[in-house]
Amino acid sequence: MLLHMDCSIVDLSTLTEGQRAESARILREALPWTDFAEPGAAEAEVVKTIADEDRSGLVALDGDRVLGWIGVIETYSHAWELHPLAVDPPCQRRGIGGRLLAALEARVRAAGIITLYLGTDDETDGTNLYGRELFPNVLQAAAEIAPTGGHAFTFYRRHGYQVVGVMPHANGFGRPDIFMAKRIG
620 MLLHMDCSIV
630 DLSTLTEGQR
640 AESARILREA
650 LPWTDFAEPG
660 AAEAEVVKTI
670 ADEDRSGLVA
680 LDGDRVLGWI
690 GVIETYSHAW
700 ELHPLAVDPP
710 CQRRGIGGRL
720 LAALEARVRA
730 AGIITLYLGT
740 DDETDGTNLY
750 GRELFPNVLQ
760 AAAEIAPTGG
770 HAFTFYRRHG
780 YQVVGVMPHA
790 NGFGRPDIFM
800 AKRIG
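Below you can see the structure in the form of structure tokens.
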């Protein structure tokens, strides 16, 4: 639910240099357990999203202030990858992520894409998959996934995404990547 935080959605490529720097800061602060926390990594992701012809992004703005952003990678002919989604931590839980997601889904649908998918790593003990050996019954573990704390998979599930797979130990022992997808078109 948007609480006193109205915003406009614009293309990432239209941002000023200062707003691009803000977008990188938000990515780093919203996902501090990821590689984006490494020096220069978040900045490189913003540049790559703008410069790579197979990528694009959308930004939520309050006036000139960046509230968050979402990116997409054109990976298959009819399925694209959502990567990344980051909302400034003080602005989270105000509907901004949902607005960005809806805007991206509309853009992807207009491009004739059928499926939007994503990976959401569990590196912070946010699901019952964290810390576990998932082999040999990986698909059973994926079918039984449940939250144990705050984890992005619950946000995506609320927005209609389904778990379609798990990559065990993608980020080290007991730290899986959870793959989710939604039919868009």
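Numbering (our numbering), first residue to last: 620 to 804.
Glycine included, each C-beta is placed from N, C-alpha and C at the ideal position.
C-beta contact flag for residue i and residue j at 8 Å
| i | j | result |
| --- | --- | --- |
| His-697 | Ile-732 | yes |
| Leu-650 | Trp-688 | no |
| Pro-795 | Leu-748 | yes |
| His-778 | Thr-746 | no |
| Val-666 | Ser-642 | no |
| Glu-700 | Val-691 | yes |
| Thr-734 | Arg-644 | no |
| Cys-626 | Ile-715 | yes |
| Leu-753 | Pro-787 | yes |
| Asp-673 | Glu-657 | no |
Member of the options whose CA lies at the smallest distance from the CA of residue i
| i | options | result |
| --- | --- | --- |
| Leu-723 | Arg-647, Leu-704, Asp-740 and Gly-738 | Leu-704 |
| Gly-793 | Gln-638, Ile-692 and Val-785 | Val-785 |
| Pro-708 | Ala-725, Leu-686, Tyr-695 and Pro-658 | Leu-686 |
| Met-799 | Tyr-775, Gln-759 and His-788 | Tyr-775 |
| Glu-648 | Cys-710, Gly-804 and Gly-714 | Cys-710 |
| Ile-669 | Asn-790, Arg-639 and Leu-758 | Arg-639 |
| Asp-681 | Leu-634, Ala-663 and Ala-725 | Leu-634 |
| Asp-741 | Gly-768, Asp-671 and Ala-730 | Gly-768 |
| Ala-789 | Arg-712, Ala-660, Ala-729 and Gly-750 | Gly-750 |
| Tyr-695 | Ala-730, Asp-654, Pro-766 and Thr-653 | Ala-730 |
| Tyr-780 | Ala-660, Pro-755 and Gly-717 | Gly-717 |
| Arg-684 | Thr-653, Pro-766, Gly-637 and Asp-671 | Gly-637 |
| Gly-804 | Ala-725, Asn-756 and Ala-762 | Ala-725 |
Residue i beta carbon near the ligand GTP (any heavy atom closer than 7 Å)
| i | result |
| --- | --- |
| Phe-754 | What this structure holds is no ligand at all, so the ligand GTP is not there to describe. |
Presumed contact (8 Å Cβ cut-off) between residue i and residue j, rounded CB distance
| i | j | result |
| --- | --- | --- |
| Leu-646 | Ser-675 | Their Cβ separation, rounded to whole angstroms, is 16 Å, which puts Leu-646 and Ser-675 out of contact at 8 Å. |
| Val-629 | Val-678 | 5 Å |
| Thr-743 | Phe-772 | Incorrect: roughly 12 Å between the Cβ atoms, too far for contact. |
DSSP bridge partner residues for residue i (one or two, in chain order)
| i | result |
| --- | --- |
| Arg-802 | Thr-734 |
| Asp-625 | DSSP, once it has assigned bridges, lists no residue as partnering Asp-625. |
| Val-706 | Gly-687 |
| Gly-617 | Because the chain spans 620 through 804 in this model, residue 617 falls outside it and cannot be assessed. |
| Val-782 | Met-799 |
| Glu-693 | Answer is none; Glu-693 lacks a bridge partner. |
Suppose only complete runs of 4+ residues qualify. What are the alpha helix (DSSP H) ranges in the segment 711-775, listed by chain order? 715-729 and 757-762
Of all the beta strand (DSSP E) runs that stay within the bounds of the segment 628-690, which reach a length of 3 or more residues? 674-681
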